[in-house]
Every structure is written in structure tokens, then in C-alpha cells.
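Going down the list, the protein sequences come from chains A and B.
Its first residue numbered 360, the first sequence is counted upward by one per residue in my numbering.
Its first residue numbered 360, the second sequence is counted upward by one per residue in my numbering.
Each residue gets a CB set at the ideal place from its N, CA and C atoms; glycine is no exception.
Data first, discussion second: the structure below is written as C-alpha cells.
Protein chains: 2
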Amino acid sequence: MGDPAGIAPEVIARSLADPEIGRAGGILIVGSWALMRAAFERYAPGVGLLPLDSVADWDGLHPGILDVPVPDEAGIAPGKPSRASARVAGEAVRVAAGMAIDGAVDAVVTAPLTKWAFAEMGLPHHGHTEYFAWRSGSTRFAMMFVFGQQRVILATTHLPLAKVSESLSKRRIIDCVALLDETLGAHFGTARPRLGVAGLNPHAGEGGLLGVEEQEIVLPAVVECREAGIQVSGPHPADTLFWRMAAGEFDGVVALYHDQALIPVKLLGPEHAVNVTVGLPFVRTSASHGTAFDIAGRGIASEASMVEAIHLAGKMVIGSQTPQ
Amino acid sequence: MGDPAGIAPEVIARSLADPEIGRAGGILIVGSWALMRAAFERYAPGVGLLPLDSVADWDGLHPGILDVPVPDEAGIAPGKPSRASARVAGEAVRVAAGMAIDGAVDAVVTAPLTKWAFAEMGLPHHGHTEYFAWRSGSTRFAMMFVFGQQRVILATTHLPLAKVSESLSKRRIIDCVALLDETLGAHFGTARPRLGVAGLNPHAGEGGLLGVEEQEIVLPAVVECREAGIQVSGPHPADTLFWRMAAGEFDGVVALYHDQALIPVKLLGPEHAVNVTVGLPFVRTSASHGTAFDIAGRGIASEASMVEAIHLAGKMVIGSQTPQ
């Protein structure tokens, strides 16, 4: 459900009203029945929803809502984030993660929340990615962005830029290449994908003149991955790599730091990029926007990114059931 | 002329054959008459060119070639960079810089060369930007990229990423904001442009959580520029700033490091971005591609970036003659 004081309820309701999403079926919203019902009445009045108290009661086909009520939820209003709204978001994530880990659902699609959702549970996580990894005991996981045929996996995420160099390791880059290779094979129907790894420095270090990380860390990782049979090349200059992927030369790219990935992702797919966590025992996608408390409840938020996130989760689940 | 072993001669010849460039007149090619004549015969046979031995003989209207012959130029061939081809490139730049500094021409448009052009002159410069700054005694200059209505100026350029943080200073950011403000006013007809400064860290540091450079360096520089009357804001998260400029919210942006600028520039304008040096006593633009020795002489190089560079130089000269 995400934080109900943000745009999450309205984008979820509108997404379910999308004809293709509606036909796909098999969607269970996890959150407050009372709050979601209000959002559906306003933003998707034609969509029928089955309220459920347990996932065991769900037929797995018709859209349903698994109710996870929290105290004070009646006082929650769009645009007014509160401890109660954070608690709804946290409870929804907690229950959804449990269902995914138990295999009751194939994928979790998340809506935006704040770190207060985790703080209300007494947890230190800043976002879904770290929380899901912790819940499922995954230590080898990464954030990936998908927009159309383009996929970018991140070797580092929320770090000061000055700390990126010292945080990179050959092991982490190998893990990211392998995660990308496995994910594109298992969930995107691309066996033996063509992968590229970005350099860290201008012109990918220009042979050591503009930095040594390419030679000391990135290249040895690429060599080891190639020896393991993965079709990967690099380090490539980052300023043309994303253009080359957009032109079809690569099926996926490893970016070394947050903005190296997010600048092209937001330029090429401002509304359509989907955030995917790879390395979990279940499929997890997310709308790429935030809670947007400032415009919540005004009916102007676009559901485009949420629709893409739901679509992609479905495609990734089907991909994982296709023989390689 | 650029390095005659690269694609420079063919893109220059084809640019002069462009009807609009041809009508503009007032273009003097500086380089080897023998080598340029061969390129014009092959790639732009209909274009008439006046060979000149001195800029004093030029009428300033008809396209001409100022011949700067070097020894061994007869042995130069496309795809085969040599000391002789580097010498042609270096001589052309040396003569063109002198003419611009003397006021004999209003602008210099450069074609690609390698650092060997400067090495052959016994100079340490790696590219045109540093060379022109040195020749004209400019200490406050910067590299800028222009693509359509979008302009990005770079606070740092060819540095290892790990050195960017320590290389930033409040002074340098103030200089870049002021150079961008002055240039857009004087050469682009945009008085009081709306400028944005990028943050260094993910989410522009997220209030200090992901880095302190925004609070310690960037924000104080922005505040000082605003107090001086410049319409500037920031630091803004870099991952949405270029998208916001593309959407029309900013007339120009200050980027803090090479790839922060070049990733969006190459994605949005792979063939049409023009490299501009600001802070020189004359207008200087450049095609944004390299020498491309690997495809030289095959007639497949696109002249699009050179045509844009010539057009932009002309517009910038006219802009500087418009009353503010």
C-alpha cells in the first residue's frame, strides 16, 4: 500500500483500473481496507475488490485487499504524513514480505513510503531494498532499474560520492555482473545477455591517466566474469555507455554509483522506469517515484510508473517459469 | 583543420557544402591547402575556396583556406596518424589562436586533434581548451556543452572521480555560475538566465546524510551568487536536474564533474552537442566528436556536430553584438 498519506492509494487504485492490469488479475493489495476502499471509490469506482482477512481466503485470480488495520488509521489524511500513516505502510510491507518468503505470492510490488515506516517497527532500514534483503537473509543483492529494453544494476547506492572509490571491490562488481546475468536469463528471457560495465573515471580512466580503479578493480572483475562464461565487457566510458545501451548494443549495464545510473534512467524514463531488487528469493518491483505528500489527494499523480511496476513484476514471474 | 589523418577534413568539407553554412560565408579554414583541396574535391566538389597565404588577403566573406604548410605533409593519409599529421593540426591551432587574439577573426571553431599536436609544439596541453586559455592568458575559463536550449558548464573536467570532492571550491563554483550567466547574456540573448547548480552526492546530499559538500561548498557559492543578483538555485539532485532543464525549467546548469555533465549531454545530443570554451577573449566552439582515425577517409563520418559548431559560433558572435 505504501504510505497512505502520500499518492500511493490513488496510483494503486488507478493502476487497478488500467484495462490490461485488470485483465492480468492475481493482484492482492496489502494495506488498510478502509483507506483503500475510499481511494477506489474516488479514483477507480468501477473496480470490484474482495476484502480478505487472510491470504488463505484468496482465489489468486480476482483483485483483493488483505486488510492489515492499524490503530488510529481513521485519522490518516492525504498530504498529512503521521506515525499512523507510517505504521500502515510498515505493516503492509511486513505482511507482504512474509507472504513472499512463504511462497504465498510470486512477487511484491511496492508503493512509496518513508524510512519512518521502518522506524515505527523499530528497524534501522532506509528503504524496501535493505528491508527485504534483511527479511530474506540475502547478502548478495542489488538495486536495478528497468526502462524498456534497458537495465542498469548499481554496484553502490546511497553513498557520498567521495566514498565511492574506496567502497568498490572486485567481489562486488563480480556479484553485480552475475546477478544481472542471472536475472536477465531467469526473468527477462535473455539467455547469455550482452553486459557492459561502466568505468568510474572520465573516459574510463584513459589508461590510468585519469584514475586507476578501472585497471585495479573493474577490469580484473570483468576478466573473471568472462572466464566464468558471462558475456561481459568493460570498463566502458560512462558518458557513451548508456547511449550505446539505448542503441541496442547491450542488454544490461553495471553502474558504479548512484547518479551514474540515475541520471540516464531519469532522462530516458522519467515516468516509466521501474526499480527492481535482484538477489531476493522472490520478484520485487517498485514504482520509481516517492510519496509526493505535497500533491497527495488532489488526483493529479500519474499512475504510469506503478502500472509499469505491476506489468514488469508479472513479466518477471512468467519469465522465471519459462524453460531456459 | 584538426588532425588531417582523422575525419576532420571530410567533416569540414561537408560542412562547407551545407547550404546554410555556405550562405553564412565568412569562414576561413586554417590548415594545409593541399590536404584540404583533396578533401573538397572528394566530399564537396561544388564548393569554391580561395587559397590565401595571409589573413590580410581575405575579404572576410568568401570561404577561404589560409595555408599553413608543414614538412612531410605529402605523406599524410586518412587513418594513419603521424608526427606530420599532428604538426598540421598544431600549426593550424597556433595560427588560428593568434588571429583570434589579434581580433582578425571573431570566433574559432576547432576540429578534433590529439594531444600530440601540442607535444609537437613542445607544449604540455591535452586539448584546445587549456591551450587557448594559456595563449590568451585566461585563468577564469570553463568547458561548456550546448545542445539546443540546454547548456551545461563544468566545474571540474578531467580528474579521477575520487579527487572531485577535494578539487571543488566555493570560488570555482561562483566562477562557473558567473561565467554561465555572462555567456548566456552576452552570446545567447538570454539576459538574467535561470541557472541551476547540481549537487555532488546522491539526492544532493540529503541534508548532510549522504555527503557534506552541498552544505559546505555548493550552497554558500549559490547564496553569494544570488546576493550578486544572479538568478541561480541549488544544489539540486543531479538525477533530475538535467531532466528539469530539458523540460524548460533552467536556461543553464553547472555540473560538478565530467560524467555528471557528459552522461546527459551524450544521451540527449549524441550528434548535436557542441563544446564551447567560455572565459576566452573570443568565441570558441568545437565539434564534440574525436579524431575517429578508425573511420577516416571512408566517407561515413557525420558532419552534423561540425555544422552545429559552426552555426553556434556564428550565433554567439551575433549575440555578442546585440545590445543587452
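Scanning A/G438, A/A470, A/D465 and A/G462 for the CA closest to the CA of A/E450 turns up A/A470. Within the same chain, and ignoring the five residues on either side of B/D377 in sequence, the residues whose Cβ sits closer than 6 Å to its Cβ are V666. Secondary structure remark: continuous beta strand (DSSP E) runs of at least 3 residues inside the stretch 532–589 of chain B, in chain order: 554–557.
8 Å or more divides the Cβ of A/I532 from the Cβ of A/A563. For the pair B/A597 and A/G607, the Cα-to-Cα distance works out to about 25 Å. Nearest to B/E489 by C-alpha distance, out of B/A651, B/V676, B/V635 and B/L626, is B/V635.
Under a 10 Å Cβ-count criterion, A/R373 is classified as buried, with 16 or more other Cβ atoms of the shown protein chains found around its own Cβ. About 5 Å separates the beta carbons of B/I622 and A/I622, which is inside the 8 Å limit, making them a contact pair.
Across the structure, B/D618 and A/G423 are spaced so that their CA atoms are roughly 46 Å apart.
Within the stretch 606–619 of chain A, contact with chain B at the beta-carbon level (separation under 7 Å) is assigned to H617, D618 and Q619. Between A/I371 and chain B, the shortest Cβ-Cβ separation is not below 8 Å.
Not a single C-beta of chain A is nearer than 8 Å to the C-beta of B/F477.
Taking the beta carbon of A/P629 as reference, the chain B residues within 7 Å of it are W602, listed in sequence order. In this structure, B/T473 is the residue among B/I460, B/W417 and B/T473 with its C-alpha nearest to the C-alpha of B/S441. For B/G570, the nearest CB of chain A lies under 8 Å from its own CB, placing it at the interface with that chain. Measuring C-alpha to C-alpha distances from A/R530 to each of A/L568, A/R553 and A/I576 identifies A/I576 as the nearest. Counting along the chain, the unbroken alpha helix (DSSP H) around B/D598 starts and ends at A597 to A605.
For A/P368, the enclosing alpha helix (DSSP H) starts and ends at A367 to A376. A/L568 sits exposed, since fewer than 16 C-beta atoms from the chains shown fall within 10 Å of its C-beta.
For A/R510, the enclosing beta strand (DSSP E) has its first and last residue at Q509 to L513. In this structure the stretch 384–394 of chain B touches the stretch 430–438 of chain B; the number of beta carbon pairs closer than 8 Å is three or more. Counting only Cβ-Cβ distances below 8 Å, A/V523 has contacts in chain B at L520 and A521, in chain order. If you look at A/F652, you'll find it isn't in any alpha helix (DSSP H); DSSP assigns it neither H nor E. In the same chain as B/H546, and ignoring 5 residues on each side of it, the C-beta atoms closer than 6 Å to its own belong to M675, G678 and S679, in chain order. When only Cα atoms are considered, B/R603 and B/F609 end up about 7 Å apart. Looking at the DSSP output, B/V591 sits in a beta bridge with B/L554. For B/T498, the secondary structure class from DSSP, reduced to helix, strand or coil, is coil. Shown here, A/G611 sits in a strand according to DSSP, grouped into three states. Here B/V642 is bridged, per DSSP, to B/A466. Close partners of A/H517 in chain B (Cβ separation under 7 Å): P561 and L569. Between B/K625 and chain A, the shortest Cβ-Cβ separation is below 8 Å. Chain B places no beta carbon closer than 8 Å to that of A/T549, leaving this residue out of the contacts. 8 Å or more divides the Cβ of B/E572 from the Cβ of B/L554. Around the beta-carbon of A/L543, 16 or more other beta-carbon atoms lie within 10 Å, marking it buried. For B/G405, there is no enclosing alpha helix (DSSP H), as DSSP gives it neither H nor E. DSSP places A/D412 outside both helix and strand once states are collapsed to three, so it counts as coil.
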